[in-house]
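Right, one structure below, let's go through it.
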Amino acid sequence: MKTEDLVSMLAADVAPVDRHAPGKRFAWALLFGIVGAVVLMAVLFGVRRDIGEAILMPMFWVRLGFAVVMAAASLVVTARLSRPGVRPGKAWLGVAAPVLAAWIAAAVVLALAAPDARLDLILGHTWRVCPLCIAILSTPAFVTIFWAIRGLAPTLLRLAGAAGGLLAGATGTMAYCLHCPELAAPFWSLWYLLGMAVPTVVGALLGPRLLRW
Amino acid sequence: MSPAHVSGTPEAPEERLHRLFVAGLDGDATAYRSFLDELGRHLRAFLRRRLAHARDDIEDILQETLLAVHNGRHTYRADQPLTAWVHAIARYKLMDFFRSHARREAWNTPLDEDSEVFAGSDAEPAQARRDIGVLLEQLPDRHRLPILHVKLQGLSVAETAKLTGLSESAVKIGVHRGLKTLALRIRGTA
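Respectively, the protein sequence lines represent chains H and E. Heads up, the numbering used here is the position in the first sequence plus 381, with the first residue counted as 1. Heads up, the numbering used here is the position in the second sequence plus 29, with the first residue counted as 1.
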C-alpha cells in the first residue's frame with residue numbers, strides 16, 4: 382500500500398475524538414484497581430477488627446492520607462507519561478513531597494521517643510510481611526493501570542512503567558491501611574514505601590515489554 | 030521562500046498543521062486528510078535526514094509513524110505544542126526501528142531537537158518495502174471487513190453493518206481495534 386493510500390484510508394470517515402478518553406480510562410482503571418485491592422485485602426487479610434475505633438484516631442487518617450496523596454501524585458506523573466511529548470517535570474516533586482513529609486514526621490516521632498523504644502517504633506509487629514502484603518494488594522491496580530497506559534501512547538516506556546507501578550503500589554497501600562494495625566509514622570514511612578517500591582521496580586522492568594505499541 | 034509568503038501572511042507549518050489536526054479531531058475528514066498528507070511530507074524529509082544509511086526503510090517507518098499518529102490521536106491536547114507531540118511519536122518509532130535493527134545510528138543520531146520535525150518537506154514517496162495492504166488482508170474478519178468497507182470502500186457504518194451482519198458498534202470497534210492490531214502486526218514484521 383502506498384503512503385498516499387494509507388493516508389486516504391486513515392482519513393476516511395473519521396469519527397470525532399473524545400477528548401476526555403484518557404481521563405476516563407484512568408478513572409475506570411483506578412475504580413477497578415481500588416475495588417480489586419479492597420476485596421483482595423478483605424479475603425486474604427481481613428479488615429482490622431477494631432476498625433470502628435481506629436477510624437477515630439487521627440493517625441489512621443494521616444496514614445491513609447499519605448497513601449492517597451502518593452496515589453494522586455503518581456497518577457499525575459503516569460498520566461503525563463502516557464502522552465507523547467509531555468515530560469513529568471515538576472510532577473515528580475508531587476511524589477517526593479509526601480515522602481519527605483512522612484520522613485519528617487517519622488524523625489520527629491523517633492526524636493521524641495525514649496531511645497530503647499525507637500526500634501520497636503520502626504519495626505512494629507508486622508515489618509516482615511508488610512511490604513509483601515502491599516505488593517500483593519497492588520496487583521489488581523497494576524493490571525488495570527497498565528491496561529490504561531497501553532491504550533494511550535507512552536513513549537518513555539520504562540519511566541511510564543515505573544510511574545504506573547508506583548500508582549498501583551499506592552492503590553494497594555490504601556487498601557492495606559484498612560487491615561494494618563501499625564499506626565506509628567516510623568513504621569509506615571519505611572515499610573509502606575518499600576511495599577510501593579516492589580510494583581514500581583516491576584513496572585520499570587516490564588514497562589518496555591508490556592507497554593510497547 | 031514559500032509562495033504563501035508572496036501572496037499574503039504566511040502560516041507557519043506548526044500553526045497550519047495544528048489547525049488541520051484539531052479540525053480532524055472534531056471529525057472533519059477533509060482537514061484530517063490534509064493534515065496527514067502534509068505531516069507525511071514533513072516526516073519523510075525528517076526521516077531522510079535521519080536515515081541516510083537506511084533509505085529503503087524510510088517509507089516503511091513513515092507509514093508506521095502515520096498509523097501511530099492516527100491511533101494515538103486521542104492523547105493530543107489542543108494546548109500542547111504539536112511539534113513536541115509529533116516528534117515524540119516519530120522518535121519513538123524511529124528508536125523502535127533502530128532497536129529491532131540493532132543499528133549503531135541509534136547512539137550516534139541526535140534526536141532531541143523536536144523543533145526540526147516540521148523543518149523540511151518531501152513530497153516524493155519511495156517504494157514501501159512492507160505492504161500494509163497485505164497485512165490488512167491477514168486481519169481477522171471482525172477487523173478486516175469494517176476497515177475494508179468503511180475505510181477503503183467508503184461505505185457508511187450503517188451500510189457496513191447491513192453488509193457484514195455485524196452491529197453498528199461492532200463495526201466502529203472493528204475499525205478502531207483493527208487499526209491498532211495492524212500497528213502491532215507491522216511491528217511484528219519489522
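Each residue gets a CB set at the ideal place from its N, CA and C atoms; glycine is no exception. If you're wondering where the values come from, they're calculated on a predicted model, not measured in any experiment.
Whole angstroms are fine: how far does the CA of residue j sit from the CA of residue i?
i: residue 33(E); j: residue 149(E); result: Because residue 33(E) sits at a pLDDT of 44, beneath the cut-off of 50, its placement in the model cannot be relied upon, and the following sentence gives the value as read from the coordinates. Taking the straight line from one Cα to the other gives about 16 angstroms.
i: residue 179(E); j: residue 478(H); result: 50 angstroms
i: residue 423(H); j: residue 512(H); result: 17 angstroms
i: residue 117(E); j: residue 497(H); result: 55 angstroms
i: residue 194(E); j: residue 571(H); result: 58 angstroms
i: residue 408(H); j: residue 555(H); result: 16 angstroms
i: residue 30(E); j: residue 110(E); result: Note that residue 30(E) has pLDDT 42, beneath the 50 cutoff, so the model's placement of it is unreliable and the number below is only indicative. Answer to the nearest angstrom: the Cα atoms are 24 angstroms apart.
i: residue 196(E); j: residue 124(E); result: 39 angstroms
i: residue 387(H); j: residue 92(E); result: 7 angstroms
i: residue 480(H); j: residue 575(H); result: 12 angstroms
i: residue 390(H); j: residue 181(E); result: 6 angstroms
i: residue 85(E); j: residue 159(E); result: 10 angstroms
i: residue 74(E); j: residue 112(E); result: 15 angstroms
i: residue 219(E); j: residue 56(E); result: Any answer about residue 219(E) is weak, because its pLDDT of 42 lies below 50 and its placement is not dependable; what the coordinates show is given next. Looking at the two C-alpha atoms, the distance is approximately 31 angstroms.
i: residue 166(E); j: residue 459(H); result: 36 angstroms
i: residue 64(E); j: residue 49(E); result: 5 angstroms
i: residue 412(H); j: residue 199(E); result: 26 angstroms
i: residue 489(H); j: residue 442(H); result: 18 angstroms
i: residue 210(E); j: residue 560(H); result: 42 angstroms
i: residue 590(H); j: residue 579(H); result: 18 angstroms
i: residue 184(E); j: residue 404(H); result: 32 angstroms
i: residue 169(E); j: residue 214(E); result: 12 angstroms
Please say whether residue j and residue i have beta carbons closer to each other than 7 angstroms?
i: residue 127(E); j: residue 90(E); result: no
i: residue 476(H); j: residue 463(H); result: no
i: residue 522(H); j: residue 530(H); result: no
i: residue 152(E); j: residue 88(E); result: no
i: residue 208(E); j: residue 100(E); result: yes
i: residue 52(E); j: residue 60(E); result: yes
i: residue 546(H); j: residue 581(H); result: yes
i: residue 154(E); j: residue 384(H); result: yes
i: residue 517(H); j: residue 549(H); result: no
i: residue 543(H); j: residue 584(H); result: yes
i: residue 147(E); j: residue 205(E); result: no
i: residue 398(H); j: residue 47(E); result: no
i: residue 493(H); j: residue 499(H); result: no
i: residue 592(H); j: residue 538(H); result: yes
i: residue 562(H); j: residue 468(H); result: no
i: residue 457(H); j: residue 472(H); result: yes
i: residue 553(H); j: residue 515(H); result: yes
Let me check understanding here. Comparing Cα to Cα, which of the options lies closest to residue i?
i: residue 216(E); options: 80(E), 96(E) and 54(E); result: 96(E)
i: residue 425(H); options: 577(H), 417(H) and 431(H); result: 417(H)
i: residue 487(H); options: 524(H), 502(H), 437(H) and 396(H); result: 502(H)
i: residue 588(H); options: 567(H), 534(H), 404(H) and 382(H); result: 534(H)
i: residue 506(H); options: 516(H), 568(H), 578(H) and 438(H); result: 568(H)
i: residue 202(E); options: 63(E), 175(E) and 191(E); result: 175(E)
i: residue 77(E); options: 145(E), 160(E) and 210(E); result: 145(E)
i: residue 482(H); options: 550(H), 451(H), 470(H) and 510(H); result: 451(H)
i: residue 79(E); options: 198(E), 129(E), 120(E) and 185(E); result: 120(E)
i: residue 557(H); options: 432(H), 469(H), 594(H) and 474(H); result: 432(H)
i: residue 528(H); options: 410(H), 392(H) and 447(H); result: 410(H)
i: residue 434(H); options: 564(H), 382(H) and 532(H); result: 564(H)
i: residue 396(H); options: 44(E), 40(E) and 62(E); result: 62(E)
i: residue 401(H); options: 107(E), 83(E) and 44(E); result: 107(E)
i: residue 484(H); options: 594(H), 466(H), 444(H) and 420(H); result: 444(H)
i: residue 83(E); options: 44(E), 130(E), 171(E) and 94(E); result: 130(E)
i: residue 406(H); options: 532(H), 594(H), 421(H) and 577(H); result: 532(H)
i: residue 67(E); options: 45(E), 54(E) and 81(E); result: 45(E)
Q. In chain order, what residues of the segment 93 to 105 of chain E put their CB closer than 8 angstroms to some CB of chain H?
A. Result list: 95, 96, 97, 99, 100, 101, 102, 103, 104 and 105.
Q) If you measure beta-carbon to beta-carbon, which residues of the segment 148 to 162 of chain E are closer than 8 angstroms to chain H? A) The residues in question are 154, 157, 160, 161 and 162.
Q: Check distances from the C-beta atoms of the segment 45 to 74 of chain E to those of chain H and list, in chain order, the residues that come in under 7 angstroms.
A: Of all residues in the segment 45 to 74 of chain E, the ones placed with a Cβ closer than 7 angstroms to any Cβ belonging to chain H are 53, 54, 55, 56, 58, 61, 62, 65, 66 and 69, in chain order.
(Q) For the segment 76 to 90 of chain E, list every residue whose C-beta sits within 8 angstroms of some C-beta in chain H, in sequence order. (A) Within the segment 76 to 90 of chain E, the residues whose Cβ lies closer than 8 angstroms to any Cβ of chain H are, in chain order, 88.
Q.
Counting only Cβ-Cβ distances shorter than 7 angstroms, please list the residues of the segment 160 to 190 of chain E near chain H, keeping chain order.
A. Listed by position, the residues of the segment 160 to 190 of chain E near chain H (Cβ gap below 7 angstroms) are 160, 161, 162, 179, 180, 181 and 183.
Q) What residues in the segment 460 to 491 of chain H have a beta carbon less than 8 angstroms from any beta carbon of chain E? A) If you check each beta-carbon in the segment 460 to 491 of chain H against every beta-carbon of chain E, the ones closer than 8 angstroms belong to 463, 464, 465, 466 and 467.
**Q.** Near-chain E residues of the segment 382 to 399 of chain H - C-beta to any C-beta below 9 angstroms
**A.** Answer set for the segment 382 to 399 of chain H: 382, 383, 384, 385, 386, 387, 388, 389, 390, 391, 392, 393, 394, 395, 396, 397, 398 and 399.
Q: Closer than 8 angstroms, Cβ to Cβ, to anything on chain E: give me those residues from the segment 532 to 546 of chain H, in chain order.
A: Hits within the stretch, in order: 533, 534 and 536.
Q.
Short of 8 angstroms Cβ to Cβ, which residues in the segment 568 to 594 of chain H face chain E?
A. Of all residues in the segment 568 to 594 of chain H, those with a C-beta nearer than 8 angstroms to a C-beta of chain E are 593 and 594, reading in chain order.
Q) What residues from the segment 116 to 129 of chain E come within 8 angstroms of chain H, judged by C-beta to C-beta, listed N to C? A) Residues of the segment 116 to 129 of chain E that bring their beta carbon within less than 8 angstroms of a beta carbon in chain H comprise 116, 117, 118, 120, 121 and 125, in sequence order.
Q: Select from the segment 509 to 531 of chain H all residues with a C-beta closer than 9 angstroms to any C-beta belonging to chain E, and list them in chain order.
A: Here the close residues number zero.
**Q.** chain H contacts from the segment 194 to 216 of chain E (Cβ-Cβ distance under 9 angstroms)
**A.** Residues of the segment 194 to 216 of chain E with a Cβ closer than 9 angstroms to any Cβ of chain H, in chain order: 201, 204, 205, 208, 209, 212, 213 and 216.
Q) Using a Cβ cut-off of 8 angstroms, which residues of the segment 398 to 415 of chain H contact any Cβ in chain E, in chain order? A) From the segment 398 to 415 of chain H, only 398, 399, 400, 402 and 403 have a Cβ closer than 8 angstroms to chain E.
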